[in-house]
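Novice:
In the UniProt record's numbering, the protein residues as written are 1 to 459.
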């Protein structure tokens, strides 16, 4: 036992030396990251990229609903509170116009591989609004026979009537945010959501034959301890989600003013954050989940676990995915689209977004056009984030870089992270004890100025 403790302390001291506990690095759900987008991409680019989608192919669609009945203090998403349905109704009408505009440009025969409603709180839509939105979407493109329709569900903002509409529309995956079940922690982060309310929401979802369930839980919250996160994880496991996102809370009050309500002095230290993650991770693995990338866990039969086993796991703005589509189209204020040609992001303010759509134009406000080097580095970072390795064969064959040049890039990163990165004839590999450093290692392959980005902590 003494040797194990000494080994753990030695590893922790090495991680400290490498900057894990004070580094600010991107989550790399895109490359380049969103702070590097600029106004050189406009609605004309967006329209042109839609035109270039192959007829009869699959695309994915993300629908953003930026409203919440209450604003949780921990959240850094672009949302706005509303007690009334009138701004939601006005937004929905604009969103339906945007859907129709997209439909007029989509090539023939396109189907949806994935449809996701996110926010905000999409379940604050009334049943009639939900029906209108789903009908508008499926009027321009039906779901593919193997498609997945998922919705983010707030257990405090859902009922039988709304779930009936979603089930009738074809929702086959529900995503429920939990964060933490501890009452004190919920009070401090402004998210009161009891276990009973969450369990009832899960029961209502499953009663409608919707078998697939995602759940989000946070570590690094104020007053969180190993004992408290263990209790929350065990309660979550009693709900048997198919996949879980275990995200680290990023305290960025300079980016999200509502986070100033959270007492920074009650936040765990970076070293304690790592222990919180490891505590939760052990419980998920003990219960039979597979570890997916840096922060997800999935049942062996879930699509993420199958994609990982097949070498087909991918990463996008929604995190880890088994989405096979080459194009992800984002609709709604601030939504981001990814095409083979580049990224396009809608205007963030709902008033700006609404004005643009009412003018009969797509709402693209900024984006990024990929260069050949972007594509290569993007794939290298994605491989690291998904598989903890970079394949020399894939990168050299796909992108035309020489083995000599690629090995030079590997050597620079391996020198910086000596003992936590292995370079072999097959490529670069992050061993088990180096996994906490994965985002920092990925940063070594990022060619952009990271000082621009509002990054979260590395753990």
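Every residue gets a Cβ at the ideal spot worked out from N, C-alpha and C, and that includes glycine.
Judging by CA-CA distance, which residue of 226, 120 and 269 is the nearest neighbour of residue 72?
Specialist: Closest by alpha carbon: 120.
Novice: Give me the Cβ distance between residue 368 and residue 46, rounded to the nearest whole Å; I'm assuming they're in contact under 8 Å.
Specialist: Not really, about 12 Å apart at Cβ, beyond 8 Å.
Novice: In the structure shown, what three-state DSSP assignment does residue 461 receive?
Specialist: No answer is possible for residue 461: the residues shown for the chain start at 1 and end at 459.
Novice: When you compare the CB positions of residue 116 and residue 152, do they come within less than 9 Å of one another, or not?
Specialist: Cβ atoms of residue 116 and residue 152: closer than 9 Å.
Novice: Would you say residue 168 and residue 209 are within 9 Å of each other, going by their C-beta atoms?
Specialist: No, these two residues do not count as a Cβ contact at 9 Å.
Novice: Straight-line CA distance for residue 316 to residue 263?
Specialist: Computed Cα separation, rounded: 31 Å.
Novice: Using DSSP with H/G/I as helix, E/B as strand and the rest coil, what is residue 90?
Specialist: Helix.
Novice: Among 134, 126 and 189, which residue has its Cα nearest to the Cα of residue 158?
Specialist: Comparing Cα-Cα distances from residue 158 to each of 134, 126 and 189, the minimum goes to 126.
Novice: Output yes or no for whether 9 Å exceeds the beta carbon distance between residue 49 and residue 327.
Specialist: Cβ distance < 9 Å, so residue 49 and residue 327 count as in contact.
Novice: Tell me which residue opens and which closes the beta strand (DSSP E) that residue 292 is part of.
Specialist: 290-292 is the extent of the beta strand (DSSP E) around residue 292.
Novice: Quick check: what's the CA-CA separation for residue 91 versus residue 426?
Specialist: Their backbone Cα atoms lie some 51 Å apart in a straight line.
Novice: Is it the case that the Cβ atoms of residue 248 and residue 295 are separated by a distance below 9 Å?
Specialist: Closer than 9 Å, so yes.
Novice: Would a check of beta-carbon distances place residue 409 closer than 9 Å to chain B?
Specialist: The displayed structure is made up of one protein chain only, and chain B is not part of it.
Novice: Applying the criterion that 16 or more other CB atoms from any shown protein chain within 10 Å of the CB defines a buried residue, is residue 285 buried or exposed?
Specialist: Exposed: under 16 other Cβ atoms inside 10 Å.
Novice: Leaving out five residues before and five after residue 445 in sequence, what residues of the same chain have Cβ atoms less than 6 Å from its Cβ?
Specialist: Within the same chain, residue 445 has close Cβ partners 377, 380 and 381.
Novice: To the nearest whole angstrom, what separates the beta carbons of residue 111 and residue 147, a pair I think is in contact under 8 Å?
Specialist: Yes, residue 111 and residue 147 are in contact; Cβ-Cβ is about 7 Å, under 8 Å.
Novice: Does the contact criterion of 3 or more C-beta pairs under 8 Å hold for the region 29-43 versus the region 388-407?
Specialist: Too few Cβ pairs lie closer than 8 Å, so no.
Novice: What separation, rounded to the nearest whole angstrom, lies between the Cα atoms of residue 265 and residue 75?
Specialist: The straight-line gap from Cα to Cα measures roughly 18 Å.
Novice: If you drop the 5 nearest sequence neighbours on each side, which residues of the same chain put their C-beta closer than 6 Å to that of residue 5?
Specialist: In this prediction, residue 5 has a pLDDT of 49, which is less than 50 and means its spatial position is unreliable; nothing more can be read from the coordinates.
Novice: Between which two residues does the alpha helix (DSSP H) containing residue 308 stretch?
Specialist: Segment 303-309, the alpha helix (DSSP H) holding residue 308.
Novice: Can you tell me whether residue 386 is helix, strand or coil according to DSSP?
Specialist: Reduced to three states, the DSSP call for residue 386 is helix.
Novice: What's the C-alpha gap between residue 414 and residue 406?
Specialist: Roughly 12 Å between the two C-alpha positions.
Novice: Which residue or residues does DSSP assign as beta-bridge partners of residue 248?
Specialist: 219.
Novice: Enumerate, from N- to C-terminal direction, the unbroken alpha helix (DSSP H) stretches of 4 or more residues contained entirely within the region 316-369.
Specialist: As far as the region 316-369 is concerned, its whole alpha helix (DSSP H) runs of at least 4 residues are 350-358.
Novice: Judging by CA-CA distance, which residue of 431, 319, 81 and 239 is the nearest neighbour of residue 31?
Specialist: For the residues 431, 319, 81 and 239, the minimum Cα distance to residue 31 belongs to 319.
Novice: Using 10 angstroms around the beta-carbon of residue 335, count the other beta-carbons present and answer buried if the total reaches 16, otherwise exposed.
Specialist: Residue 335 is buried by the Cβ-count criterion.
Novice: Would residue 98 be called buried (16 or more neighbouring beta carbons within 10 Å of its own) or exposed?
Specialist: Classification for residue 98: buried.
Novice: By the 10 Å Cβ neighbour count, where 16 or more other Cβ atoms means buried, how is residue 104 classified, buried or exposed?
Specialist: Answer is exposed; the Cβ neighbour count stays below 16.
Novice: Can you list, in chain order, the residues of its chain with a C-beta nearer than 8 Å to that of residue 171? Leave out the 5 residues immediately preceding and following it.
Specialist: Counting only Cβ-Cβ distances below 8 Å, and skipping sequence neighbours, we find 149, 150, 151 and 210.
Novice: Can you have a look at residue 238 and say buried or exposed, based on whether 16 or more other CB atoms are within 10 angstroms of its CB?
Specialist: Exposed, since its Cβ has fewer than 16 Cβ neighbours within 10 Å.
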